[in-house]
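> Numbering (UniProt numbering), first residue to last: 1 to 170. Ideal placement from N, C-alpha and C gives every residue a C-beta, glycine not left out. Handing you this structure, nothing more for now.
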């Protein structure tokens, strides 16, 4: 069977050879057909300390030939003293038609890019809302102080006159 899996919980500095050896633990005649480690690079860029709550956030996608039960047993096994999760994404009896595609995981990257665009749009919208809020707050506070200065002006003039009159009495 041709099995596509996602391996999560990897340290960003994990080498391809280590991942291949990890997968081959499942069974002796397992063959790794494809391995996409771009998720390790993106986790390195996204998380400067590479972990969140001491859990590594790197991942990779792999296409292997073997039995599903053997591959599924790898979930929870240790790689570099860290338990990793192996999620089966698809199981087919033959290689997909996209075998000639130089990037077999391009559809997954497209989803990630769409999610990233949506996330960026939300951030931009939130930033615009915050900017508008502070602009309105700034306008309101400026108006308040202008109004207060106009209202206080007669009182301050009276106080100034009172001090002048005190000086004249002496």
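Take residue 66 and list the residues in its own chain whose beta-carbon comes closer than 8 Å to its own, dropping the five residues that flank it on each side.
1, 3, 26, 27, 29, 30, 31
> With H, G and I counted as helix, E and B as strand and the rest as coil, what does DSSP make of residue 49?
Reliability fails at residue 49, whose pLDDT of 48 lies under 50, so the model's placement of it is uncertain and the value that follows must be treated cautiously. In the three-state reduction of the DSSP assignment, residue 49 falls in the coil class.
> Can you grab the Cα-Cα spacing for the pair residue 132 / residue 142, in whole Å?
15 Å
> With 16 as the cutoff for other CB atoms within 10 Å, does residue 167 come out buried or exposed?
exposed
> Which residue or residues does DSSP assign as beta-bridge partners of residue 62?
5, 35
> First and last residue of the beta strand (DSSP E) that includes residue 72?
Note, residue 72: premise wrong, no beta strand (DSSP E); alpha helix (DSSP H) at 68-72.
> Suppose you measure from the CA of residue 10 to the CA of residue 116; what does that come to, to the nearest Å?
The alpha-carbon atoms of residue 10 and residue 116 are separated by roughly 21 Å.
> Measure the Cβ-Cβ separation of residue 60 and residue 19 and say whether it is below 8 Å.
For residue 60 and residue 19, yes; Cβs fall inside 8 Å.
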